[in-house]
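Below is one structure; the comments refer to it alone.
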Amino acid sequence: MSKYPSQMQDKFNLRFPDGMRDAIAERAKANGRSMNSEIVQILQDALDGVAEKKALEQLDLFKEAITELRLSVDASKKARQKMSSILDASEDEPT
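Per this note's numbering, the sequence shown starts with residue 1, numbered consecutively.
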């Protein structure tokens with residue numbers, strides 16, 4: 001006899017604090033889900049939120065790096081212009 005897909009999935013027993021079971025049952029009913037599906041959705045939403053937060057933190061780091069690179073490029077351009085001016089001035093001086 002073959003197993004149903006749900007029998008092959010990972011299982012985890014869990015204890016709820018007082019009142020949480022009822023709160024989850026109400027939320028599941030409001031969302032048209034079983035309690036199990038509701039709990040899985042809550043966990044998935046939490047995990048997605050963590051991943052999104054990490055992605056946003058990485059984005060902020062990239063933005064900071066881009067800003068620093070722009071400042072560095074600007075400073076390099078100014079230094080090059082200054083050196084070019086100095087070279088031009090030295091070429092114009094009589095020897």
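Note that the Cβ used here is the ideal one computed from N, Cα and C, for glycine as well.
Bear in mind that the values here come from a model prediction, so they are computed numbers and not experimental data.
Task: Segment contact, 8 Å Cβ cut-off, at least three pairs: the region 54-63 with the region 33-44 - done: The region 54-63 is not in contact with the region 33-44.
Task: Under 9 Å between C-beta atoms of Asp37 and Ala28 - done: The question names Asp, but residue 37 in the sequence shown is Ser. It is a contact, given that the beta carbons lie within the stated cut-off.
Task: Gln81 to Leu71 span [Cα, whole Å] - done: Gln81 and Leu71 have their C-alpha atoms spaced approximately 15 Å apart.
Open item on the list: Can you tell me whether Pro5 is helix, strand or coil according to DSSP?
Closed with: helix
Task: Limits of the unbroken alpha helix (DSSP H) element including Phe62 - done: 35-92
Task: Straight-line Cα distance separating Gly49 from Ser76 - done: 40 Å
Task: Per-residue DSSP class, three states only, for Asp22 - done: helix
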